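Residue numbers (this note's numbering): -19 to 236. Notes to accompany the following structure.
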């Protein structure tokens, strides 16, 4: 288990029970109490939970404004079961010999764990965490795109990344977005949007992964119209939006 995975599970434990003790977390996760205390301190500093004597509780209700996306670590512990189901459904779409561009996101991070069970994939990503997970797959290759490093999402962005993406042609691009609506696929971050657009241009087909919380929302930056995607993987899609997607030729892969 990586530190990122352990912290994701810590947040999940605290969110489920409302609070958790250091001893409970150490026993459940097979980690030392000192490691758990360090994790709680880090997660507290990121606003994901509130560290108290002997354990942690959930923080006060949200401080993030509408029209903005919460920090990466804040999203790691949300809708984990739905994202895991989506990742398992998506895994069946890819086969040995496929080449895949994957952008950074909490959903694609979970997908990378599933793709590590596949053989013979070539994975190209701007996420250090996704690269590390994908590298566990057998008979495959992993390319990590380098550029300006963002610690929060463990990702690289910027012109250097865009230049490197242009050197690849792949069978698939797997993208996660901040919002899906009749207007298309959207993100809240400009540099992440630029990466997603570049990956989509270099792939024969695009798979979008977005859980139900992203549906029928607007975000600041347009990744592309609905027709840019070959398929959308989600846990649930509202009927009207599902109709718009199908009219645009998008296949829906849902877990509901």
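Note that the Cβ used here is the ideal one computed from N, Cα and C, for glycine as well. Quick caveat: nothing in here was measured; it's all calculated off a predicted structure.
Under the three-state reduction of DSSP output, residue -15 falls in the helix class.
For residue 86, the three-state secondary structure derived from DSSP is helix. The beta-carbon distance between residue 206 and residue 184, rounded to whole angstroms, is 18 Å. This is too long to meet the 8 Å contact definition. DSSP places residue 127 in the coil class of the three-state scheme, outside both helix and strand. Between residue 214 and residue 190, the beta carbon gap of about 6 Å places them in contact (Cβ cut-off 8 Å). When secondary structure is reduced to three states using DSSP, residue 101 falls in the coil class, being assigned neither helix nor strand. Residue range 139 to 145 is occupied by the alpha helix (DSSP H) that includes residue 143.
Runs of beta strand (DSSP E) with 3 or more residues, each lying fully within the region 141 to 195, are found at 150 to 156, 159 to 161, 164 to 167, 183 to 189, listed in chain order. Rounded to the nearest whole angstrom, the CA to CA distance from residue 137 to residue 19 is 26 Å.
Boundaries of the beta strand (DSSP E) harbouring residue 233: 231 to 234, taken from the DSSP string. Counting only the Cα atoms, residue 104 lies some 27 Å from residue 161.
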